[in-house]
Structures are given as structure tokens and as C-alpha cells.
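Q: Numbering-wise, the sequence shown is residues 419 to 719 according to my numbering.
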Amino acid sequence: MKKRIGYIGLGLMGKPIARNIMRAGYPLTVHNRSQAPVEELVADGAQPADSPLAVAEVSDVVFTNLPDSPDVEQVVLGPNGVIEGCRPGMIFIDNSTIKPETARSIASKLAEVDVSALDAPVSGGDVGAKAGTLAIMVGGPRDTFDSILPIFQAMGKTITYVGESGAGQVAKACNQIMVAAQMVAMGELILLAQKSGVDPRRVIDAIQGGAAQCWALDVKPQRIFAGERQPGFKAYMQHKDLGIVLDTARAYGMPLPATVVVMQLFEAMLQMGMEDLDNSGVIGVLEVMANERLILEAENQ
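1) Would you identify the three-state DSSP class for residue 600, choosing helix, strand or coil?
2) Alpha carbon to alpha carbon, how far is residue 630 from residue 554?
3) In chain order, what residues of the same chain lie with their CB nearer than 6 Å to the CB of residue 645, ignoring the 5 residues before and after it?
4) Considering just the uninterrupted stretch of the alpha helix (DSSP H) at residue 654, what are its terminal residues?
5) Hey, out of 614, 617, 602 and 654, whose CA is closest to residue 702's CA?
6) Given 8 Å as the limit, is there contact between the segment 498-512 and the segment 477-490, that is, 3 or more CB pairs closer than that?
7) Can you grab the Cα-Cα spacing for the pair residue 710 / residue 674, in whole Å?
8) Extract the residue ranges of the beta strand (DSSP E) inside the segment 422-460, only unbroken runs of 3 or more that lie entirely within it.
9) Count the C-beta pairs between the segment 583-592 and the segment 605-621 that are closer than 8 Å, then say yes if the count reaches three, no if not.
10) In the DSSP output, what is residue 512 paired with across the bridge?
11) Which value, in whole angstroms, describes the spacing of the CA atoms of residue 454 and residue 682?
12) Return the Cβ separation of residue 638 and residue 687 in integer angstroms, given the expectation that the two are a contact with Cβ distance under 8 Å.
13) Can you tell me where the alpha helix (DSSP H) holding residue 575 begins and where it ends?
14) Are three or more beta carbon pairs between the segment 460-467 and the segment 432-448 nearer than 8 Å?
15) Taking the straight line between their C-alpha atoms, what separation do you get for residue 626 and residue 600?
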């Protein structure tokens, strides 16, 4: 018999992840602050719950996918939280991106009631969430990871056990260093090409098969050239994740000079009212700095 799954947090990433778990044949109970995504999944066969506690009471495995560390702490450990509905032997898995120390603290408190916890942040954007091709980086007890692997396989394509509690979040912080840097570098090279009088579309074609090849160049340029700057992955979440990166670096005395500059560009993006755009929309900040507006595909025809 398949494990009963609970999923809390049905945003841009959480809803398609939950749907893929359900499509894999797992009984699913869902909870979210806004009801529209709950109703959508219920129409597809999920069961609704009115609190995290209620989700835990009817689940063998409870997932969360929430904006930030305080949100996860509140949903798991607060009033009517997951911990109040837990039973010994249950498993808690967090798909959010939060501070490694928060992941470790939550795992420690759940262990006191005999609940095993995995921090399992994901990468791949809404495209990967919908397609079930996410990269999933996991921290926590190895035996728990092994027992949950079939569920992860319904969600993602690259599933890696990184280490003990908090290790998944450290991996995600490292991931976000690269992702944010790619978005900035991509914006810079597109605008440099255009300002130099060269078609940036052809530049992308020329370089993405060489040493510059990366996920950003594989996925984002066509949307950028079409003028589509909607998420994806929202800029304010990228900014939040970079805050986690820099907090973690400070905790270990690790200088990250390039990431500090990238953080400043995303901070500018928020101050310019672009917080709900895709993280690749950081090109908008660079447009202002360079006094160079990207010529869109439709304008080129």
C-alpha cells in the first residue's frame, strides 16, 4: 500500500509537485493559505485539510513548500502545526529553501516525538516542477531518504543524498549562488552584444554549445527575447535565497564577494518594483544602468 502524503504550500512550485505525487498514485491531502490551488487539486482527486495539524493526522509523510524559515517553523512547530498531528514513525520533508540551521532545529524537535525529518529543497523552476524533472538535494537520515526515494522520483530527475540534517539546504544555498550569477551574467552578455551592434540571439546560439553552456542559457533566452519576464522563479524569492546564502557564509567566515554584488542587483530589482518578475528579469536593472533597452523579437521582425 502506498504511503499517504500530505502537502502544505501550493504555490508556483508546490502545486505542480503535489500534482505529480498524486499522479504517481499516492493518496494526497493538501493545505494552503489561499483556497484556489486547494480546490484545483481537490478537483483532481486530492483531499482538503483545514490546518497543518489536520494534514499530519491523516498522512504518513508530510511535505512543506513555504516561502521562508519563519513560515516553516510556524507551520511545523506552531499552534495547529504539523508536530501536533504527528505520530511516531511519521516522516516530515521540507521542499522549501530555508536556513540550514533552521532545518537542523526543526529536525531536532521532530526527533523528540519520533518523527524523522529530511530537508529536501528543489531546483528547476516551475518548468521542472511541472515536468517532474526537478533537482532534489536532500539532508537527513540516510535510511529515511532510502525509504522515500520512490516519492522523490515522482517529483524530480536528479535526486541526491547530500548528508545529515541541513546538508540539503547548504547544497541549495550553493545552487543559488550559481543560479543568481547566471541570471546576471546572461543579462550582461545580452545587452553587451546588442550595444555592440551584434544580434544577441546569434550570440546565444554561438556560445551555448561551448564553455558558456548552462541551464540559464538553455532555458531563459527565448522568453527574454519575447518580452516574457513573468515567473518562473520570482525575483523576491531569489533575493531571499541570496540572503540565506550570505547569512550562511557569515556563519562560517566565508567571503563571497561576487555574490554580494549579485545581491545588490537583486536588491535594486526589488526597489524598482520588479519583485514579482522572474529572476531573469534582473536584466531590467542592467537596462537602466546601461541606458540600453533590449530590442524584443517582435520589434526585430
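Beta carbons: idealized from backbone N, C-alpha and C, even for Gly.
Source: prediction; values computed, not measured.
A: So, to answer that:
1) Residue 600: helix per DSSP, three-state reduction.
2) 24 Å
3) 714
4) From DSSP, the alpha helix (DSSP H) with residue 654 extends over 653-669.
5) Of the candidates 614, 617, 602 and 654, the one whose C-alpha sits nearest the C-alpha of residue 702 is 602.
6) Touching, per the Cβ criterion.
7) Going from the Cα of residue 710 to the Cα of residue 674 covers about 29 Å.
8) 423-426 and 446-449
9) no
10) 482 and 537
11) 35 Å
12) With 8 Å as the limit, residue 638 and residue 687 do not qualify as a contact, their Cβ atoms being about 15 Å apart.
13) Note, residue 575: premise wrong, no alpha helix (DSSP H); beta strand (DSSP E) at 574-581.
14) yes
15) Approximately 13 Å, taken between the alpha carbons.
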